[in-house]
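*Asks:* Under the UniProt record's numbering, the first residue of the sequence shown is numbered 1, with each subsequent residue one higher. C-beta atoms are modelled at their ideal positions from N, C-alpha and C, and glycine is treated no differently. First the structure, then my questions, so here it is.
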Amino acid sequence: MSTSNLYQGVSIPEAQADSTEINYFIESAYPVDIAAFIESLDLGLGLTHLLKLDVEKRAQVFSYLDLETQVQFANALSHEALAEIASKMASDNRVDLYNQLEPSEQQQLLEDLDREQREDVKRLSVYAEKTAGALMSSEYVTLAGNLTAKQAIDQLRHEAPKKTAIYRSYIIDAELRLLGVVRLHELILASDDTPISKIMDQNPVKMSIDDAQEDVANTINRYDLTTIPIVDANNRLVGIVTHDDAADAMQQETTEDFHKAGTVEPLTQSVMKASMGLLYKKRVVWLSLLIFGNLFSGAGLAFFEETILAYVSLVFFLPLLIDSSGNAGSQSATLMVRAMATGDVTMKDWKKLISRELVIALALGLTMALLVFPVGVMRGGYEIAMVIGLTMVFVVMVGSLVGLSLPFLLSKLKLDPATASGPLVTTIADAVGVVVYFSIATSLLDL
C-alpha cells in the first residue's frame, strides 16, 4: 500500500478505491480537497472517485482540478458525461476547459451543450488571453432601471439559483449599456416602492474587455470590490470578473514574474508535472544567452592582465566587489519590477527615481566601502584598500542604476520588466564591475 495522503485531517490510503474511509471522505469533504485527492491518484482511479459524486458536486470538484488534469479527464470521459459536467460548471471555468480541448473535441462539446450555454461559450472564447474578456463570467444579474426595490428583489429571488454573483446587480438599458450598479443590501434596506434608479451607483468602477487581467485584479484590489463589470467600446455590459478569478489571475501573473526574474520561460503547468524535457527547454535559452554576457567579464580580466600580475591581491576582492554590484542591482530591479506591476511607478517616474537612486546608492556604496576598507588594509595595504573602497562605491552605484533602469527600458521596448531581475542584472553588473575595478586599480597604482 502506498503512503497515505492527508486532506482536512483524513488519512486516505491511495490504493483502496472502495474503502469506507475514502467513501466517507468523498461524500463529506470540501470540493477543493476532493480535487486535490483525485489529482494525487492515477487517471483511472481518479475518474472512479469523481463519478461517485452527484453531478452538481462532480462539476464543482472538476472545476478545482488544474486544466491539464481536466483535459486528461475530458479525453477519458464519454461525450455525454463530459457535457453533463460542463453544463453545471461556472461559465468562465467552462470556457477555460473548452479553450484547452482539441478542435474536434470543442465542436463535440458545443453540440452536446444546450443552445444558451453553447452561445455563451462561443461568445466568451473569442477574447485574447490575459485580457479582461478572457477572465470574465456571464454569471451575473441585470435589472432594468425602471424597477422598484421590491420588483428587483423578486427578480433576484427568481434568478439566484442560476447565478453565482447576486450581491451586485447591474442596471442596463434596452441596448445593454451599463447605467449603474446596485448592491443587494441597498435593495433590502430600501422601501418597496423606491425606484432602483434612486439608490444605484451611477458611476461604477468598470473595465474594458481589452484591459490586461493584471490591471483588472489591481483595480478590484484598489477599490475592494467583489465583482467588477466589463464593458465593450460602446459601454455595453458583456460580463463581470469576480474577485476570486482576479486573485487566481494575479497569482498566475506573479508566478510568471518569478519565473522571468530567474530567466526561466513561464510554465503552463506545475513543476512536479512538467517533464524533464520541458524544464530543460524553458531554462536553456536564457542560460545560453547569458554565456555571451559573461564573456565580457572574461574579456575585462584579459585586458587588465598586467595589473593583475603586478597586484595579485586584487583578485582576492574581485568576487566580493562584483557580487556587491549584482546584489545592489537585483535589489533595485526587484523594487522597480514590483512597483511597476502594482501601478505604484510608471514610465514618467524614471527621471525622479534616478536622482533618488543616485543618492541612495552613494550612501549604500560608502557604507559598504567603510566595511571592506579594513580588510583591504590587512590584505594589501592602504593603496589596495583605497582601490577597494572607491571601487565599492562605484560598482554599487552602477549596479543600482542598472537594476533601476533596466525594467523601464524593457517596458519601453514592450517587453516584460520582470525579465530584468536576477541573472540578467547580475551579468551586466559583473561585466561593468570588472572594468571599473581594474580601471581604478590601474589608475591609482600607477600601472
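Can you give the beta carbon distance from residue 209 to residue 131, rounded, assuming they're within the 8 Å contact cut?
*Replies:* At roughly 7 Å, the Cβ-Cβ gap stays under 8 Å, so residue 209 and residue 131 are in contact.
*Asks:* Thinking just about the alpha-carbon of each residue, which of 305, 310 and 137 is nearest to the one in residue 229?
*Replies:* When only C-alpha atoms are compared, the closest one is 137.
*Asks:* Quick check: what's the CA-CA separation for residue 431 versus residue 348?
*Replies:* Cα-Cα distance, rounded: 29 Å.
*Asks:* Assuming contact is defined by CB atoms lying nearer than 8 Å, are residue 530 and residue 76 in contact in what I supplied?
*Replies:* Given that the chain is displayed from residue 1 to residue 447, the structure contains no residue 530 and the question cannot be resolved.
*Asks:* Helix, strand or coil, according to DSSP, for residue 456 in the structure here?
*Replies:* Past the boundaries of the shown model lies residue 456; the chain is included only from 1 to 447, so the question cannot be answered.
*Asks:* For the 8 Å Cβ check, are there 3 or more pairs between the segment 342-359 and the segment 276-283?
*Replies:* No: fewer than three Cβ pairs fall under 8 Å.
*Asks:* Buried or exposed, going by whether 16 or more other CB atoms sit within 10 Å of the CB of residue 188?
*Replies:* Exposed, since its Cβ has fewer than 16 Cβ neighbours within 10 Å.
*Asks:* So what does residue 201 bridge to, in DSSP terms?
*Replies:* Residue 201 pairs with 181.
*Asks:* Since residue 228 sits in a beta bridge, which residues does DSSP pair it with?
*Replies:* DSSP lists 241 as partners of residue 228.
*Asks:* For the segment 291-301 against the segment 423-439, do three or more pairs of beta-carbon atoms, one drawn from each stretch, fall closer than 8 Å, so that the two count as touching?
*Replies:* Yes, since at least three Cβ pairs between the segment 291-301 and the segment 423-439 fall closer than 8 Å, the two stretches touch.
*Asks:* Taking residue 401 as the reference, give the member of 412, 389 and 326 with the closest Cα.
*Replies:* Minimum Cα distance to residue 401 is reached at 326.
*Asks:* Quick check: the Cα distance between residue 285 and residue 101, rounded to an integer number of angstroms?
*Replies:* Approximately 29 Å, taken between the alpha carbons.
*Asks:* Take the Cβ of residue 354 as the centre, count every other Cβ of all protein chains shown within 10 Å, and call the residue buried at 16 or more, exposed below.
*Replies:* Classification for residue 354: exposed.
*Asks:* Report yes if the C-beta distance between residue 328 and residue 407 is below 8 Å; otherwise report no.
*Replies:* No; because the gap between Cβ atoms is not below 8 Å, this pair is not in contact.
*Asks:* Rounded to a whole number of angstroms, what is the C-alpha to C-alpha distance between residue 363 and residue 252?
*Replies:* Answer to the nearest angstrom: the Cα atoms are 37 Å apart.
*Asks:* Is it buried or exposed for residue 214, if we count other Cβ within 10 angstroms and need 16 for buried?
*Replies:* So residue 214 counts as buried.
*Asks:* Once DSSP output is grouped into helix, strand and coil, what is the label at residue 164?
*Replies:* Correct three-state label for residue 164: coil.
*Asks:* If you measure between the beta carbons of residue 217 and residue 247, is that distance less than 8 Å?
*Replies:* Closer than 8 Å, so yes.
*Asks:* Helix, strand or coil: how does DSSP classify residue 312 here?
*Replies:* Reduced to three states, the DSSP call for residue 312 is coil.
*Asks:* Would you mind stating whether residue 199 and residue 148 have Cβ atoms separated by less than 8 Å?
*Replies:* Their beta carbons are not under 8 Å apart, which means residue 199 does not touch residue 148 by this criterion.
*Asks:* With residue 73 and residue 50 assumed to form a contact (beta carbons below 8 Å), what rounded beta-carbon distance in angstroms separates them?
*Replies:* Yes, residue 73 and residue 50 are in contact; Cβ-Cβ is about 7 Å, under 8 Å.
*Asks:* Which residues does DSSP pair with residue 171 in a beta bridge?
*Replies:* Answer is 143 and 180, bridged to residue 171.
*Asks:* Using CA coordinates, which residue listed in 69, 114 and 61 is at the minimum distance from residue 80?
*Replies:* With distances taken between Cα atoms, residue 80 lies closest to 114.
*Asks:* Identify whether residue 254 lies in helix, strand or coil by the three-state DSSP scheme.
*Replies:* Here residue 254 sits in helix by DSSP.
*Asks:* Assign residue 397 to one of two classes, buried (16 or more other C-beta atoms within 10 Å of its C-beta) or exposed (fewer than that).
*Replies:* Buried, by the Cβ-count rule.
*Asks:* Determine contact between the segment 371-389 and the segment 408-418, defined as no fewer than three beta-carbon pairs at a distance below 8 Å.
*Replies:* Taking 8 Å as the limit for Cβ pairs, the verdict is that the segment 408-418 does not touch the segment 371-389.
*Asks:* Tell me the rounded alpha-carbon separation between residue 294 and residue 366.
*Replies:* Distance between the alpha carbons of residue 294 and residue 366 is about 27 Å.
*Asks:* Taking the alpha-carbon of residue 28 as reference, which of 318, 46, 52 and 47 has the nearest alpha-carbon?
*Replies:* That would be 52, whose Cα lies nearest to the Cα of residue 28.
*Asks:* If we ignore side chains and look at the alpha-carbon of each, how far apart do residue 392 and residue 256 end up?
*Replies:* If I take the Cα positions, the gap works out to 33 Å.
*Asks:* Going by the CB atoms, is the gap between residue 380 and residue 389 shorter than 8 Å?
*Replies:* No, they are not a contact pair.
*Asks:* Give me whichever residues DSSP pairs with residue 207 in a beta bridge.
*Replies:* According to DSSP, residue 207 bridges with 230.
*Asks:* Could you tell me whether the segment 54-72 touches the segment 86-96, using the rule of 3 or more Cβ pairs below 8 Å?
*Replies:* Yes: the two stretches touch, three or more of their Cβ pairs being nearer than 8 Å.
*Asks:* In the DSSP assignment, find the unbroken alpha helix (DSSP H) run with residue 88 in it and report its ends.
*Replies:* 79-88 is the extent of the alpha helix (DSSP H) around residue 88.
*Asks:* Using the DSSP secondary-structure output, state which residues sit across from residue 236 in a beta bridge.
*Replies:* The partner list for residue 236 (beta bridge, DSSP) reads 177.
*Asks:* Does the separation of the CB atoms of residue 135 and residue 205 fall below 8 Å?
*Replies:* Result no, Cβ atoms of residue 135 and residue 205 do not sit closer than 8 Å.
*Asks:* Return the bridge partner residues of residue 137 from the DSSP annotation.
*Replies:* Note: residue 137 sits in a beta bridge opposite 240.
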